[in-house]
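When the letters of the sequence shown are read in order and numbered with the working numbering, they come out as residues 10 to 453. Note that beta-carbon positions come from the ideal geometry of N, C-alpha and C, so glycine has one too.
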Amino acid sequence: MAEKIKLKYGRTMLIGFGFMSSMIAWTIYNAYVPLILKENGAISGLTISGTIIGMIMVIDNVFGVVFQPLFGRISDTTHTRFGKRTPFLIVGIPAAAVFFILIPWMSKIYFLMPCVIAFTFIMSTWRAPVVALMPDLTPTEVRSEGNAIINLMGAVGTVLGTVAGKIVSVVFRLDQNDNEIVRRYVFIFGSIIMLICLAVVVFAVREPDNRLTAANAQRLHDEWEIREAKKAEKKRFKEMQLTKPEKRSLIFMLIALFFNSNATDSISTYFTTFATSELKMTESQAPLFITAFAFATVIAAFPAGKLGKKYGRKNTIMIGLSGILVLFALYFITRTYALLYISIIFGGALIAFVTINTLPLVLEIGGAEKIGTYTGYYYTATFSASIVGPVICGAMFDITKTYWSLFAYCPVCFALALLCISQVKHGEVLSIPDEVIKEIMAED
Numbered sequence: 010m011a012e013k014i015k016l017k018y019g020r021t022m023l024i025g026f027g028f029m030s031s032m033i034a035w036t037i038y039n040a041y042v043p044l045i046l047k048e049n050g051a052i053s054g055l056t057i058s059g060t061i062i063g064m065i066m067v068i069d070n071v072f073g074v075v076f077q078p079l080f081g082r083i084s085d086t087t088h089t090r091f092g093k094r095t096p097f098l099i100v101g102i103p104a105a106a107v108f109f110i111l112i113p114w115m116s117k118i119y120f121l122m123p124c125v126i127a128f129t130f131i132m133s134t135w136r137a138p139v140v141a142l143m144p145d146l147t148p149t150e151v152r153s154e155g156n157a158i159i160n161l162m163g164a165v166g167t168v169l170g171t172v173a174g175k176i177v178s179v180v181f182r183l184d185q186n187d188n189e190i191v192r193r194y195v196f197i198f199g200s201i202i203m204l205i206c207l208a209v210v211v212f213a214v215r216e217p218d219n220r221l222t223a224a225n226a227q228r229l230h231d232e233w234e235i236r237e238a239k240k241a242e243k244k245r246f247k248e249m250q251l252t253k254p255e256k257r258s259l260i261f262m263l264i265a266l267f268f269n270s271n272a273t274d275s276i277s278t279y280f281t282t283f284a285t286s287e288l289k290m291t292e293s294q295a296p297l298f299i300t301a302f303a304f305a306t307v308i309a310a311f312p313a314g315k316l317g318k319k320y321g322r323k324n325t326i327m328i329g330l331s332g333i334l335v336l337f338a339l340y341f342i343t344r345t346y347a348l349l350y351i352s353i354i355f356g357g358a359l360i361a362f363v364t365i366n367t368l369p370l371v372l373e374i375g376g377a378e379k380i381g382t383y384t385g386y387y388y389t390a391t392f393s394a395s396i397v398g399p400v401i402c403g404a405m406f407d408i409t410k411t412y413w414s415l416f417a418y419c420p421v422c423f424a425l426a427l428l429c430i431s432q433v434k435h436g437e438v439l440s441i442p443d444e445v446i447k448e449i450m451a452e453d
């Protein structure tokens, strides 16, 4: 009887520091950069409209679509004594931190934009490698649980980014009304946390040395032999093609991801506006709903991973999407505050059913040899939705003249995601032979 594989929670949490580094940076960036852009435009004698600010704020998504798959593929075939993912973090995180610190110090828009562009580009170079690190070091049967831990660590980064202003104001006794000084300290704080997270990953996780060796594990000393080995690996890598049914599953999985992210990004972008315009909430009340939604997602992340492992990832995702559609229908019919609170909390939990299990499903379709590549595909689908979703939804508001159209657009997207995921026939955990289990345990 095969020995049951268990997730190493401590090591997985340490791996999650890489994702935490990314999330604290993006949380601070998204909160402060729109304000900095608007103020710097005025200082430079320019009028920067909300549309232009929005276009600047999606630069990171554009870079994500273009460069994340590329650097994911590059990391798949990288061989160093630090492993194949860690080198991208060692170079990318400090470089990103430098430009991150500079952003609030740039008083003119023409100095600010190069920093923004450089920061967003560099962040796109290590996003796929840092996400691929967990699947690299985690057996396939427990990746859904591992993904839940990674998302939990990302949530910690989000919380730190959210309260960064309060932290620096208290620690350094700053005047909270002096926005310029507070912002500078916030970006410095974020950069320091990014570097601390990098140190944890590099020194505590220690990705295995994966420099090319001969088939018999003897060291290759001759540089010519190393080059030939790399060429042979690249050729073998290209020959590893999916079967036609697997390609079909992958395509439907990525389309499902696109529609799901389309809906969730539209909700996060426009819910506050919907609540203040249609429900007449104050600007201080509306964000509490988003906070409750995010909190419910974090709490449900670990159970979602467990359910994915026990009942299947596809089934868990379909339960999540079906439940979300039911909540949308109930609230749209009743439109009561009590049901809105319930829908937000349960909706956040059901979203976790979807998001926690989608990445492992995509990676399992691609196989262990192409984890970085398929991580890139995953983020291409989600980032594409981040670019077009809020724009399409905003156009609907302009046409219908009401934010209630959010309750038409998002359910349609979730329904299409459910339809697509029903067509996915691959990606569940495969049975692992005893000898493979023993080999994994020996490596550990």
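D274 sits in a helix when the DSSP states are folded into three classes. Your pair F28 and M162 checks out as a contact, with CB atoms roughly 6 angstroms apart and the cut at 8 angstroms.
When DSSP states are grouped into helix, strand and coil, F97 belongs to the helix group. Between T36 and T171 the beta-carbon gap is near 6 angstroms, inside 8 angstroms, which marks them as a contact. Rounded to the nearest angstrom, the Cβ distance from S200 to T391 is 26 angstroms, too far for a contact under 8 angstroms. Residue A137 holds the alpha-carbon nearest to the alpha-carbon of F80 among A137, K323, K47, P420. Here Q77 carries a helix assignment [DSSP, helix/strand/coil]. Within a 10 Å sphere around the beta-carbon of F198 sit 16 or more other beta-carbons, which makes this residue buried.
The C-alpha of N219 lies about 14 angstroms from the C-alpha of F97. Shown here, P148 sits in coil according to DSSP, grouped into three states, outside any helix or strand. For the beta strand (DSSP E) assignment, the region 168-230 encloses no uninterrupted run of at least 3 residues.
No residue range can be given for V67, since it is assigned to no alpha helix (DSSP H) and is classified by DSSP as neither H nor E. For P399, the enclosing alpha helix (DSSP H) begins and ends at 380-409. Contact check for V214 against R20 passes: the beta carbons are separated by less than 8 angstroms. Following the DSSP letters along the chain, one finds I14 in no alpha helix (DSSP H), marked with neither H nor E. Taking C-beta atoms under 8 angstroms as the contact rule, T389 and V74 qualify, at a distance of about 5 angstroms.
Under the three-state reduction of DSSP, L121 is assigned to helix. Collapsing the DSSP output to three states places S431 in coil.
Taking a C-beta distance under 8 angstroms as the contact criterion, V125 and V191 do not qualify as a contact pair.
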